[in-house]
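Asks: Handing you a structure now.
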Amino acid sequence: MQELNTLDWAVHIEENGIQMYGIFCGFNGGADVARFVMNRMVYEVFKDRPITRSMTVQEVKDALLAKFRTVDLRYLQTIDDDLTERLILMDDPVNNADRISTLNAKIRKGTTVFVVLKVDRDLYVLNCGTSLPLEVWLYKLIVRLFD
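For the sequence shown, the positions run 223 to 369 when the working numbering is used.
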């Protein structure tokens with residue numbers, strides 16, 4: 223039986239009363255993508271207009287969602303040139319097959335993201351990809367980023 227390594231990066235940071243726990247699992251060779259997303263999420267949450275304890279539940283929810291979208295945009299910018307080159311090469315896919323294959327391998331890399339943010343007594347869960355979170359009901363109050 224083949225052993226599968228499904229965890230590429232994990233993080234726990236506590237700063238100014240905010241705790242962030244994250245698991246980042248790359249796919250299609252995406253360990254580098256997992257690391258990029260982990261580092262960028264930490265930066266977005268704690269450094270660039272940081273989430274603070276003084277924010278309301280809705281403000282934290284909106285900020286976390288916006289920060290995740292920013293991370294997504296920043297990653298897409300890192301592969302923008304590859305996407306453009308692939309599009310141009312597709313005009314002659316037979317003669318460019320090797321290069322297209324190389325670009326496809328790079329473009330198809332990705333990561334799943336599971337982040338838990340604790341702000342005072344509130345927990346926020348960000349789940350993107352194929353990871354399966356376990357919801358814990360405490361006082362039957364869960365705030366969702368997406369409906």
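Don't be surprised by glycine CBs; every beta carbon is placed ideally from N, CA and C.
Which of the three DSSP states, helix, strand or coil, is assigned to Met277?
Replies: Three-state result, Met277: coil.
Asks: Name, in chain order, the residues that DSSP records as bridge partners for Asn349.
Replies: DSSP output for Asn349 lists Phe336 as bridge partner(s).
Asks: In the DSSP assignment, find the unbroken beta strand (DSSP E) run with Val233 in it and report its ends.
Replies: Looking at the DSSP string, the run of the beta strand (DSSP E) that includes Val233 is 231–237.
Asks: For Val341, which residues does DSSP report across the bridge?
Replies: Ile240, Asp344, per the DSSP bridge assignment.
Asks: If you draw a straight line from the alpha carbon of Arg262 to that of Asp314, how long is it in whole angstroms?
Replies: Their Cα atoms are separated by approximately 36 Å.
Asks: Go ahead and pull the three-state DSSP assignment for Ile329.
Replies: Looking at Ile329 - three-state DSSP - the assignment turns out to be helix.
Asks: Could you work out which residue in Tyr297, Leu295, Arg296, Glu266 is closest to Val282 when comparing CA atoms only?
Replies: With distances taken between Cα atoms, Val282 lies closest to Glu266.
Asks: Using the Cα positions of Asp303 and Ala327, report the straight-line distance between them to the nearest angstrom.
Replies: If you take the alpha carbons of Asp303 and Ala327, they lie about 14 Å apart.
Asks: Suppose you measure from the CA of Tyr297 to the CA of Thr333; what does that come to, to the nearest Å?
Replies: Rounded to the nearest angstrom, the two C-alpha atoms are 11 Å apart.
Asks: Is Ile245 helix, strand or coil when you go by DSSP?
Replies: In this structure, Ile245 counts as strand in the three-state DSSP scheme.
Asks: Alpha carbon to alpha carbon, what distance is there between Val259 and Val293?
Replies: If I take the Cα positions, the gap works out to 7 Å.
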